[in-house]
Amino acid sequence: MTGTLEILAAGPMMTVQDRGRTGFLRFGVSASGPMDGAAFAAANALVGNAPGAAALEFALTGGRFRASRDVLVALTGGEMRAEAGGRPLAPWSSARLRAGEELTVGALRGAVWGYLAVSGGIETPLVMGARATHLRSAIGGHEGRALRPGDTLPLGPEPGALPRRLTRPLRPRHGPIRVVLGPQDDAFAPEILARFLGAPYAVSAQRDRMAMLLEGPALPAARGHDITSDGTLMGSVQVPPSGRPIVLMADRQTTGGFPKIATVITPDLGRLAQIPTGAMLRFHALSVEAAEAEARAAARQSAEALADLAPTGA
Amino acid sequence: MVLNPPAPRFLPCGDAALTVEFAPGIEARANALALALATDLEAAPLPGLREALPTYRSLTLSYDPCVTGFATLRAALIPRIAALRPGAVEGALRSIPVFYGGPACLDLARLATEKGMAEDALIALHLGAAYRVAMIGFAPGFAYLSGLPAALATPRRAEVRQRVPEGALGIGGGQASVNSVAAPSAWSYIGQTPLRLFDARRARPCLLAPGDRLRLRRIGEAEFDALAARARRGEILFDPETPA
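Protein chains in written order, with this note's numbering: chain A, 38 to 351; chain B, 247 to 490.
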């Protein structure tokens with residue numbers, strides 16, 4: 038351990054996340070990891086961390102923090118007011134925070150999930166190969182739980198980067214949420230599939246790291262809503278007997294017994310997660326081939342944005 | 247035995263995963279094929295594959311769309327599947343101690359009445375079957391079993407219990423389970439194992455793997471309490487005849 042980050046104040050849903058746990062789906066352990074992977078990756082890049090370093094994720098509300106050594110800090114995910122040692126800190130950029138100074142992070146505006154990366158990364162113990170927190174199973178992160186004031190987190194070795202800012206967009210900002218129909222689109226009649234793709238849906242207040250419940254026209258399945266459980270993904274749009282679609286997210290159950298009408302494509306998962314409660318969205322279907330091409334284009338755009346950070350001179 | 251089983255379906259799951267569906271419902275052959283394909287892909291991975299998740303009837307494969315794709319994988323998987331010998335993968339044999347009493351023995355008396363059996367006869371039937379871990383899902387380490395004797399099949403209860411204890415042995419329709427963690431459930435429960443199927447603190451967090459073969463061993467309350475105390479301390483407790 039080469040220093041610590043102390044949590045002085047925290048919203049109700051602040052967790053340690055890295056890129057997520059792999060290799061344990063077959064044991065019923067979901068990947069966890071960030072709700073908005075692109076924003077998470079940007080936060081790490083801005084402080085000079087390796088892409089897999091652990092950072093803090095928070096929902097809506099920021100907090101107050103203090104580091105025991107000089108560090109770089111970066112905030113991403115959305116717009117928010119923040120100060121590092123009393124100096125304004127713009128989101129999507131990094132700045133120095135001297136040992137003992139306070140970092141204050143206000144509420145997110147027009148977004149839901151924020152990320153705070155600290156140079157060196159959060160080095161809580163690896164649990165099943167990852168530091169990501171799965172709250173429901175109390176796995177990983179800091180004691181498997183959401184962070185509270187008074188928690189002190191170990192930091193890794195300082196990578197020694199300079200403060201920088203993002204100069205290019207990480208991803209397109211607008212447009213429908215793109216899906217590939219299936220794996221169980223054949224459980225729905227053609228007019229129900231047309232309803233799913235034609236109607237607006239609102240993001241309801243029933244949302245967390247496991248799932249987002251949507252409000253809108255019901256999607257009854259032709260032969261009932263029980264299927265023999267099969268695998269789920271982050272982005273699976275499952276439809277329970279209520280007919281109201283549920284998008285499964287980072288902390289989802291690994292298997293599910295409701296038909297999945299479609300799957301949100303990975304480049305749009307972060308944008309979906311960031312849609313404020315009550316806001317409307319529409320779905321748009323792509324072929325598998327088109328979705329894979331979009332994924333490759335999104336990976337390029339994100340990599341180019343993270344390779345083109347500009348010094349802030351701070 | 248079906249000589250020409252239906253070809254598996256390749257179901258798209260977005261831009262970075264697909265599901266190979268061997269059957270629409272619970273079928274021993276489909277489960278064996280899903281497990282055999284997962285083992286085969288572990289032994290000889292395909293480029294760009296990330297992770298395999300076997301279930302009762304299918305195998306969900308996630309992949310990197312910058313390296314491979316749905317069409318490429320389907321073309322590579324078809325001959326691999328055709329060459330599978332689903333019986334060839336023998337899971338580990340595990341002995342699971344079970345106490346048919348205590349706080350998880352919630353439905354034994356009702357099931358015995360409903361099925362017109364003495365409780366001990368019902369226990370003997372449950373205890374004597376050869377089970378296989380068909381799938382792990384719902385929660386970390388939660389084992390869905392195949393092999394439940396048909397006479398023990400029981401419809402799900404209308405009422406969901408909000409907290410069924412960890413380690414409970416359940417029956418839901420024709421499926422059986424060994425629950426890993428305390429959780430809500432509409433299944434019926436007749437016993438409990440002191441083993442902790444999942445404990446993230448252990449070097450080996452999950453005791454069971456899909457495909458494992460299970461034999462149940464009846465224990466009394468005193469042995470349950472003794473084993474449960476050791477399991478809580480993080481000990482891996484398989485029976486001596488089934489080394490971990």
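We put the CB at the ideal spot given by N, CA and C, even for glycine.
Note that the coordinates shown come from a computational prediction; the quantities given were computed from them, not determined experimentally.
Contact list for residue i against chain B, beta-carbon separation under 8 Å
| i | result |
| --- | --- |
| Ile176(A) | Pro386 and Ala446 |
| Gly25(A) | Nothing can be reported for residue 25(A): it is not among the residues displayed for chain A, which extend from 38 to 351. |
| Gln290(A) | Gly383, Phe384 and Ala385 |
| Ala332(A) | Asp261, Ala262, Pro311 and Cys312 |
| Met247(A) | Simply none; closest approach about 12 Å. |
| Met165(A) | Ala446 and Pro451 |
Proximal residues to residue i (C-beta, below 7 Å), its chain only, five neighbours per side dropped
| i | result |
| --- | --- |
| Thr400(B) | Leu357, Ile417 and Ser434 |
| Asp188(A) | Ile44 and His179 |
| Phe256(B) | Leu264, Val266 and Arg320 |
| Ala347(A) | Arg201, Arg202 and Thr204 |
| Gly235(A) | none |
| Arg356(A) | As displayed, chain A neither begins before 38 nor continues past 351, which places residue 356(A) out of reach and without an answer. |
| Leu447(B) | At residue 447(B) the sequence reads Arg, which differs from the Leu that was named. So the qualifying residues of the chain are Gly480. |
Beta-ladder partner(s) of residue i, from DSSP
| i | result |
| --- | --- |
| Thr189(A) | Glu43(A) |
| Arg378(B) | Ser392(B) and Arg459(B) |
| Arg255(B) | Glu267(B) |
| Asp223(A) | None; Asp223(A) has no bridge partner. |
| Lys297(A) | Gln275(A) |
| Arg340(B) | Leu460(B) |
| Met247(A) | DSSP output for Met247(A) lists no bridge partner at all. |
| Asp267(A) | Gly293(A) |
Under 7 Å from the C-beta of residue i: neighbouring residues of chain A
| i | result |
| --- | --- |
| Tyr302(B) | Thr265 and Ser266 |
| Cys452(B) | Phe64 |
| Thr306(B) | Asp267 and Gly268 |
| Pro456(B) | Arg63 |
Proximal residues of chain B, C-beta to C-beta of residue i below 7 Å
| i | result |
| --- | --- |
| Ile302(A) | Gly260 and Asp261 |
| Gly65(A) | Ile382, Gly383, Phe384, Ala385, Pro386, Gly387 and Phe388 |
| Leu62(A) | Glu297 and Leu299 |
| Gly272(A) | Gly260 |
| Ala336(A) | Cys312 |
Proximity to residue i [Cα-Cα], best of the options
| i | options | result |
| --- | --- | --- |
| Glu326(A) | Arg255(B), Leu264(B) and Gly437(B) | Leu264(B) |
| Pro411(B) | Val424(B), Ala276(B) and Ala329(B) | Val424(B) |
| Ser308(B) | Val276(A), Ile298(A), Thr269(A) and Arg319(A) | Thr269(A) |
| Val301(A) | Gln275(A), Gly315(A), Arg281(A) and Phe295(A) | Gln275(A) |
| Ala136(A) | Val66(A), Val108(A), Arg319(A) and Pro125(A) | Val108(A) |
| Asp471(B) | Leu460(B), Arg461(B), Arg447(B) and Pro440(B) | Pro440(B) |
| Val84(A) | Thr98(A), Pro71(A), Tyr152(A) and Glu120(A) | Tyr152(A) |
| Asp366(B) | Pro252(B), Leu295(B) and Leu354(B) | Leu354(B) |
| Ala198(A) | Ala87(A), Pro206(A) and Phe320(A) | Ala87(A) |
| Pro296(A) | Pro125(A), Arg281(A), Ala239(A) and Leu62(A) | Arg281(A) |
| Ile264(A) | Pro277(A), Met271(A), Leu256(A) and Leu306(A) | Pro277(A) |
| Ala111(A) | Ala248(A), Ala344(A), Leu126(A) and Val164(A) | Leu126(A) |
| Pro258(B) | Arg124(A), Ser324(A), Glu139(A) and Ala342(A) | Ser324(A) |
| Leu352(B) | Ala397(B), Gly362(B) and Val406(B) | Val406(B) |
| Ala269(B) | Ala290(B), Ala370(B), Arg442(B) and Leu305(B) | Leu305(B) |
Sequence-distant residues of its chain with Cβ nearer than 8 Å to residue i (five each side left out)
| i | result |
| --- | --- |
| Arg260(A) | Ala224 |
| Ile382(B) | Phe388, Ala389, Tyr390, Cys452, Leu454, Ala455 and Pro456 |
| Asp267(A) | Pro220, Thr292 and Gly293 |
| Glu297(B) | Leu307 and Ser308 |
| Glu487(B) | Low local confidence applies: a pLDDT of 47 at Glu487(B) is under 50, so the model's placement there is unreliable, with the coordinate-based value given in what follows. Same-chain partners within the cutoff: Ser341. |
| Val344(B) | Leu373, Leu415, Gly437, Gln438, Thr439, Leu462, Arg463, Arg464 and Ile465 |
| Gly48(A) | Phe95, Ala96, Leu97, Thr98, Gly99 and Gly100 |
| Pro293(B) | Val313 and Thr314 |
| Leu172(A) | Thr52, Gly181, Arg182, Ala183, Arg246 and Asp288 |
Proximal residues of chain A, C-beta to C-beta of residue i below 8 Å
| i | result |
| --- | --- |
| Arg296(B) | Thr59 |
| Phe316(B) | Val325, Glu326 and Glu329 |
| Thr265(B) | Pro220, Asp267 and Gly268 |
Any non-hydrogen atom of the ligand NAD within 7 Å of residue i CB
| i | result |
| --- | --- |
| Pro451(B) | Absence of the ligand NAD is noted for the structure shown, with no ligands found whatsoever. |
Neighbourhood of residue i by C-beta distance below 6 Å, restricted to the same chain and skipping five residues each side
| i | result |
| --- | --- |
| Asn277(B) | Tyr302 and Ala380 |
| Gln243(A) | Leu250 |
| Gly40(A) | Ser105, Arg106 and Leu192 |
| Leu218(A) | Ala299 and Ala322 |
| Glu195(A) | Ser156 and Gly157 |
| Ala328(A) | Val217 and Ile302 |
| Tyr377(B) | Leu391, Gly393 and Leu460 |
| Met247(B) | Bear in mind that a pLDDT of 48 at Met247(B), under 50, signals an unreliable position, so the number given afterwards is only what the model happens to contain. Counting only Cβ-Cβ distances below 6 Å, and skipping sequence neighbours, we find nothing. |
| Leu163(A) | none |
Residue i: contacting residues in chain A (beta-carbon distance under 9 Å)
| i | result |
| --- | --- |
| Pro506(B) | With chain B covering 247 to 490 only, the question about residue 506(B) has no answer from this structure. |
Whole-Å CB distance - residue i paired with residue j, under 8 Å assumed
| i | j | result |
| --- | --- | --- |
| Ser131(A) | Asp288(A) | At roughly 28 Å, the Cβ-Cβ gap does not stay under 8 Å, so Ser131(A) and Asp288(A) are not in contact. |
| Thr52(A) | Thr170(A) | 4 Å |
| Ala375(B) | Gly393(B) | 5 Å |
| Gly114(A) | Pro313(A) | Incorrect: roughly 12 Å between the Cβ atoms, too far for contact. |
| Asp261(B) | Ala332(A) | 4 Å |
| Asp55(A) | Gly74(A) | The pair is not a contact, with the Cβ atoms about 11 Å apart (cut-off 8 Å). |
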